[in-house]
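Student: Just so you know, we're using the numbering used here here: the sequence shown kicks off at 100 and counts up by one. C-beta atoms are modelled at their ideal positions from N, C-alpha and C, and glycine is treated no differently.
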Amino acid sequence: MADTTAPSTTATPTTPTTAPGRRKAVSLTRTPTWAWALPPVLVLALGFLYPLALVVRQSFTPESLEDGGASLTPYTEVFASTVFREALTTTVWLAVGATVGCLVLGFVLALVIAFVPFPGGKAVARFIDVFLSFPSFLITLALLFIYGSVGMANGAWTGVTGAAEGPFHFLTTPWGVLLAEITYFTPFVMRPLLAAFSQLDTAQLEVASSLGAGPVRIVRQVILPEALPALAAGGSLVLVLCLNEFGIVLFTGAKGVTTLPMLVYSKAILESDYPAACVVAVVNIALSVGLYSLYRVVSRRAGA
Numbered sequence: 100m101a102d103t104t105a106p107s108t109t110a111t112p113t114t115p116t117t118a119p120g121r122r123k124a125v126s127l128t129r130t131p132t133w134a135w136a137l138p139p140v141l142v143l144a145l146g147f148l149y150p151l152a153l154v155v156r157q158s159f160t161p162e163s164l165e166d167g168g169a170s171l172t173p174y175t176e177v178f179a180s181t182v183f184r185e186a187l188t189t190t191v192w193l194a195v196g197a198t199v200g201c202l203v204l205g206f207v208l209a210l211v212i213a214f215v216p217f218p219g220g221k222a223v224a225r226f227i228d229v230f231l232s233f234p235s236f237l238i239t240l241a242l243l244f245i246y247g248s249v250g251m252a253n254g255a256w257t258g259v260t261g262a263a264e265g266p267f268h269f270l271t272t273p274w275g276v277l278l279a280e281i282t283y284f285t286p287f288v289m290r291p292l293l294a295a296f297s298q299l300d301t302a303q304l305e306v307a308s309s310l311g312a313g314p315v316r317i318v319r320q321v322i323l324p325e326a327l328p329a330l331a332a333g334g335s336l337v338l339v340l341c342l343n344e345f346g347i348v349l350f351t352g353a354k355g356v357t358t359l360p361m362l363v364y365s366k367a368i369l370e371s372d373y374p375a376a377c378v379v380a381v382v383n384i385a386l387s388v389g390l391y392s393l394y395r396v397v398s399r400r401a402g403a
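(1) CA-CA distance, residue 336 and residue 287?
(2) Does the Cβ of residue 126 have 16 or more other Cβ atoms within 10 Å, making it buried, or fewer, making it exposed?
(3) Could you tell me if residue 122 is buried or exposed, where buried requires 16 or more neighbouring beta carbons within 10 angstroms of its beta carbon?
(4) So residue 191 is in the alpha helix (DSSP H); what residue range does that whole segment cover?
(5) Anyone know if the C-beta pair for residue 244 and residue 253 falls short of 7 Å?
(6) First and last residue of the alpha helix (DSSP H) that includes residue 354?
(7) What separation, rounded to the nearest whole angstrom, lies between the Cα atoms of residue 319 and residue 307?
(8) Since residue 169 and residue 160 are thought to touch, with beta carbons under 8 Å apart, how far apart are those beta carbons, to the nearest angstrom?
(9) Quick check for students: name the residue ranges of the alpha helix (DSSP H) that lie wholly in the stretch 276-311, counting only runs of 4 or more.
(10) Assuming residue 345 and residue 239 are in contact, meaning their beta carbons sit under 8 Å apart, how far apart are those beta carbons, in whole angstroms?
(11) If you drop the 5 nearest sequence neighbours on each side, which residues of the same chain put their C-beta closer than 6 Å to that of residue 352?
(12) Helix, strand or coil for residue 129? Go by DSSP, reduced to three states.
(13) For the stretch 243-273, list the alpha helix (DSSP H) runs that are entirely contained and at least 4 residues long, ordered along the chain.
(14) Provide the residue span of the alpha helix (DSSP H) that contains residue 314, from first to last.
(15) Could you have a look at residue 231 and say whether DSSP puts it in helix, strand or coil?
(16) For residue 72 and residue 339, which I take to be in contact (beta-carbon distance under 8 Å), what is that distance rounded to the nearest angstrom?
(17) Three or more C-beta pairs closer than 8 Å, one from the stretch 221-239 and one from the stretch 280-297: is that the case here?
(18) Could you check whether the stretch 370-379 touches the stretch 298-306, counting it as contact only if at least three pairs of C-beta atoms, one from each stretch, sit closer than 8 Å?
(19) By Cβ distance, which residues of its chain are closer than 8 Å to residue 282, with the 5 residues on each side in sequence left out?
(20) Is the number of C-beta pairs between the stretch 168-188 and the stretch 352-367 that are closer than 8 Å three or more?
(21) For residue 292, count the other beta carbons within 10 Å of its own beta carbon; 16 or more makes it buried, fewer makes it exposed. Which is it?
(22) Going by alpha carbons, who is nearest to residue 326 out of 139, 213 and 257?
(23) So what does DSSP say about residue 161, is it helix, strand or coil?
(24) From this set, 309, 189 and 141, which residue's C-alpha is nearest residue 342's C-alpha?
(25) Would you mind sorting residue 120 into buried or exposed? The rule is 16 or more other CB atoms within 10 Å of its CB.
(26) Rounded to whole angstroms, what is the Cα-Cα separation between residue 204 and residue 331?
(27) Using 8 Å for Cβ pairs, my map puts residue 139 next to residue 158. What's the rounded Cβ distance?
(28) Hey, residue 279 and residue 368: beta-carbon distance below 7 Å or not?
(29) Using only CA atoms, which one of 323, 246, 390 and 269 lies nearest to residue 356?
(30) Looking at the unbroken alpha helix (DSSP H) that takes in residue 329, where does it start and where does it end?
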């Protein structure tokens, strides 16, 4: 009788195959965590922290000390100067005024774009994103073409009246700087507002309208509470940017308007007083970082 028993098979060890991608992932996990953090830390240290440390060090090194020792003399001299106090006051009130103007104008324009249907509304909303990429001096240059001493507005006035010069000379005053900053920074408030309005449930607006609420009441009780986090984010960003704005003040030609960035430029480039310039720069940095930290604390407590 034939043997029908199946031949026995013995299990032979097999070598597991690992895909190249898998092998690469395993090798990556074996890399120490600090090794991945080292490149960005080095870039940050060389590109930002080291120059900042040099600025702070120079602010404590008066030119009168030949040995390069540290002293508080540059700070006492700068803080005692009238020019610094006026520059600080001008910087703060321009930044606050521009921020308030951007919040009001940006909120109104965002309301119109988001809730008032009109032809080209989507194109205007897209243009806001493009506007954010424009340099500040370009907007100021456009205002100079319109309201400058030899701009279109003055040219039209002199052409009609025959006068020697036009009436528009406000661009070289603090109000001209304020107008330029509001014009340039308003889209920075509108962008987060439009994003917040796009997520607003329109059913709430319809219910409020059906209950007899007017447009002003709907804006005040329904839309505004939802927009507060976006207003806080946009307003804080505009405030910090206005504190450090240099190009707008320079291109308006407002010689009587001296802000902290303009004072840094004047001390470093025109007067070659590098310790004083570094002192003003340190004050400007401290003011900006302090305001940003305050915004983070307030927004965290408000849950924004």
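Tutor: According to the structure shown:
(1) 8 Å
(2) Here the model assigns residue 126 a pLDDT of 48, short of 50, so the residue's position is not dependable and the matter cannot be decided.
(3) In this predicted model, residue 122 has a pLDDT of only 48, less than 50, meaning its place in the structure is not dependable enough to derive any value.
(4) 181-214
(5) no
(6) That residue, residue 354, is in no alpha helix (DSSP H); it is neither H nor E in DSSP.
(7) 12 Å
(8) 6 Å
(9) 301-309
(10) Going by Cβ atoms, the distance from residue 345 to residue 239 rounds to 11 Å, so no, they are not a contact pair.
(11) 271
(12) coil
(13) 251-260
(14) 314-317
(15) coil
(16) In this structure the chain extends from 100 to 403, so residue 72 is not present and cannot be described.
(17) yes
(18) no
(19) 238 and 242
(20) yes
(21) buried
(22) 213
(23) coil
(24) 189
(25) Note on residue 120: pLDDT 47, under 50, position unreliable in the model; the coordinate value appears next. Counting Cβ neighbours within 10 Å, residue 120 comes out exposed, since fewer than 16 surround it.
(26) 14 Å
(27) That pair is no contact at about 27 Å.
(28) no
(29) 269
(30) 323-342
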